[in-house]
Structures are given as structure tokens and as C-alpha cells.
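Report on the structure given below.
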Amino acid sequence: MPELPEVEIVKQSLNKKIKFKKIKKIIIKNRNLRFKIPDNFEKLVKNKIIKKVERFSKYIIINFKDDTFCLIHLGMSGTIHLVKKKEKNDFTNTSFYSSSKLPKKHNHIQIEFDRIKMIYNDPRRFGFFIFIKNKNDLIKRFSHLGPEPFFKKFNIRYILNSIKNKKKNIKNLLIDQSFVSGIGNIYASEILFLCKINPLRKVDALKLKECKKIIYYSRLVLNKSVIKGGSSIRDFKNISGKQGLFQKEFKVYQRGNLNCLKYKCKGMIKKIIISNRSTFFCNICQNN
DNA sequence: AAGAGGCCCTGATAGC
DNA sequence: TGCTATCAGGGCCTCT
Numbered sequence: 036m037p038e039l040p041e042v043e044i045v046k047q048s049l050n051k052k053i054k055f056k057k058i059k060k061i062i063i064k065n066r067n068l069r070f071k072i073p074d075n076f077e078k079l080v081k082n083k084i085i086k087k088v089e090r091f092s093k094y095i096i097i098n099f100k101d102d103t104f105c106l107i108h109l110g111m112s113g114t115i116h117l118v119k120k121k122e123k124n125d126f127t128n129t130s131f132y133s134s135s136k137l138p139k140k141h142n143h144i145q146i147e148f149d150r151i152k153m154i155y156n157d158p159r160r161f162g163f164f165i166f167i168k169n170k171n172d173l174i175k176r177f178s179h180l181g182p183e184p185f186f187k188k189f190n191i192r193y194i195l196n197s198i199k200n201k202k203k204n205i206k207n208l209l210i211d212q213s214f215v216s217g218i219g220n221i222y223a224s225e226i227l228f229l230c231k232i233n234p235l236r237k238v239d240a241l242k243l244k245e246c247k248k249i250i251y252y253s254r255l256v257l258n259k260s261v262i263k264g265g266s267s268i269r270d271f272k273n274i275s276g277k278q279g280l281f282q283k284e285f286k287v288y289q290r291g292n293l294n295c296l297k298y299k300c301k302g303m304i305k306k307i308i309i310s311n312r313s314t315f316f317c318n319i320c321q322n323n
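Residue numbers (my numbering): 36 to 323.
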């Protein structure tokens, strides 16, 4: 599910619903996420008040009032659900109802607030919840990540410098989070299609004009997706249960053997595997 | 030492 | 229907 736009939608929803609320209770049903949740996690987080919810790259950052943090990553299959309580002060688990459809299995973490509870669901358990004790540790946690496409730092000089003498292909560079953070497997294909660059092109062969396009279209695609409410491969829903609409905008992703959608292009979308991940491109307008 | 590939895990879908 | 194989939005770790 989650690349930068999807995580941004989740962050926005959380800010609307749980900002300034106090954590009353935590129930962890399965501690074995990507990183095992330590036994003292509940104690550390209980009674904390949420100052705000932020996001960097594909990470959700819950910022508590005392400037400690909870860092969340959704991995491949993580979703967050908010469930309202029917009755005030009723903590029995029968008195909740779901605004979106709550999955039956894999609801690993439940965090209860006054009139609402937040549930973390993750079938594949590639995601994680981590408690972070101060801002310094949080920054350390992100130190290996490159800028988001929107940052000023993601400029032409940065790109030229990053591709110099590099032998990898542009598809792999775009999903390399230490180069630029937030782009995942879907948006990498979409961005390269708009740039008209073949995903297998070696980055040291990119022209100045193509580098400029990469900046422009990375920003455009991610922005547009946020505006559309994220994309919806399989079942991406935002936290209120609404489907994202960006998948309707996919030009190449999951369109193998279909016609290229570029005006007057007679090409066909091809699916290839690059470093074990599906990659889609047009055999004519990206034939370079 | 940059870059490719394996691996963590479950579920949906396709093909027989 | 029921089996098996393949694939899935990420990122950490290990090899070469």
C-alpha cells in the first residue's frame, strides 16, 4: 500500500482525529513486527498526550507533548484504522463500532483514547512501531535517508552529483531511499513514464534535461496522488474508509500488454523485472 | 564499496 | 473443489 502519498493521507487523518488526545490503554496482540515490540512499550506510551502527527518519507511520526515519539512504518501491508466508541467510558471491547471495515485478522496493536481507538493491522508484519525517547534519536533514525522530492535539496545540482560515475539504472535509483525518499515501486514507474526515460537507463548517461524532468515529474506525481487521496492497489483506503483515487490515474503500473496512453503513441506497455520488482514502461516512448 | 539479490511474512489470484 | 506456484506497495542485511 504505502508510498509517500498514502502515508501522507494517513498522517492527515490521524491529525484530524487523535491530535491532543491522551493514550488511555494499549493492547498488543502480536509483538513480532519487523522489530519486536519490547515488553515495556505499553508503559512508555501510556498516558502520553499527542501533540501532533507528522510524516517524513514513508514514516509516520507521533509526536507526544513531552517530546518523545512513536515512529510507525506501514511496511507493505500495514493499515491504520480508527474505531469510535459507542459509549463514553466503556472500555469493554464489545462497545466499539467501525467506521471503515475493520479486518478480522492481524489487528496487532490497539491504542485507546477517550472516545476513539486506533488499530494497527498488518498481515505481512513488515511494518513497525518504535518508541523514540528524544528528537536526537529520531533524527539519527532518518540519517540514512535522502531528501523528499519536494525539498529544495532535491535540486539539479544534487542529482548531477548523485549520478556521477554511478552504474545503476534509473529505476533502482528512484526507489533508493538514500537518494530520494518517499518514492516506491508504483510511482517510480509512473514518474519514468512521464519523463520518457527507459527504466533500465544507466544513471551516468542521463542528460541534464532528463534530470530536470525527474525533479519535475517526481513532484507532480506525488502531489497529484496526495490530492486524489492516495492510490488503491488492492485495498488502500484512507483512515475514514474512503478509497484513494490515484490508481485511476496509473499510466503504466499494472498495465502490462495494454496500449500506451500517451496521445498518438502506438506503443505497448511492457512489464519487466528489475531487482526482483515489477517495472512497467512503454516500448516506444520510453525506448532510449 | 557500490550494487544486486535474498529474505522477512501472509493472502489474493491464476493455473492445473 | 483443491492443490501449487507466483506475486504483492518496503527495507534491512549479506554477498560479490
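The beta-carbon is built from N, C-alpha and C at its ideal position, and this holds for glycine as well.
Item                                                                                                                      : Value
Touching by the beta-carbon criterion (3+ pairs, under 8 angstroms), the segment 169-176 and the segment 47-65            : no
Sequence-distant residues of its chain with Cβ nearer than 6 angstroms to Ser112 (five each side left out)                : Asp157, Pro158, Arg159
Start and end residues, beta strand (DSSP E) containing Tyr94                                                             : 94-99
Spatial neighbours of Leu255 in its chain, beta-carbon cut-off 8 angstroms, leaving aside the 5 residues before and after : Leu229
8 angstroms Cβ cutoff met for Asn65 and His143                                                                            : yes
CB contact flag (Phe281, Lys263, <8 angstroms)                                                                            : yes
N-terminal and C-terminal residue of the beta strand (DSSP E) that Ser178 is part of                                      : Per DSSP, Ser178 belongs to no beta strand (DSSP E) and is neither H nor E.
Lys188 versus Glu77: straight-line alpha-carbon distance, rounded                                                         : 38 angstroms
Per-residue burial, Lys291 [other beta carbons within 10 Å of its own, 16 or more giving buried]                          : Residue 291 is actually Gly in this sequence, not Lys. That one is exposed.
Candidates Gly302, Lys56, Ile62, Val88: closest to Asp149 by CA position                                                  : Lys56
Assumed close pair Tyr116, Ile154 - CB separation to whole angstroms, cut-off 8 angstroms                                 : Sequence check: residue 116 is His here, not Tyr. The pair is a contact, with the Cβ atoms about 4 angstroms apart (cut-off 8 angstroms).
Beta-carbon proximity of Ile44 to Ile146, cut-off 8 angstroms                                                             : no
Neighbourhood of Arg312 by C-beta, 6 angstroms cutoff - its chain only, sequence neighbours within 5 removed              : Asn220
Close beta carbons around Gln47, own chain, < 7 angstroms, minus the five adjacent residues each side                     : none
CA-to-CA distance, Glu225 to Ile198, given in whole angstroms                                                             : 20 angstroms
Run of the alpha helix (DSSP H) containing Tyr252, from where it starts to where it stops                                 : 243-263
Asn171, DSSP secondary structure in three states                                                                          : helix
Val238 - containing alpha helix (DSSP H), residue span                                                                    : Note, Val238: premise wrong, no alpha helix (DSSP H); not H, not E.
Burial state of Lys244 (16 or more Cβ within 10 Å)                                                                        : exposed
Three-state class that DSSP yields for Ser216 in the structure shown                                                      : coil
Separation of Asn67 from Leu241, as counted between CA atoms                                                              : 43 angstroms
Gly265 and Glu41 closer than 8 angstroms at C-beta                                                                        : yes
From Phe214, Leu257, Lys201, residue whose alpha carbon lies closest to that of Val238                                    : Lys201
Residue nearest to Lys231 in terms of C-alpha spacing, selected from Asn196, Leu296, Gly217                               : Leu296
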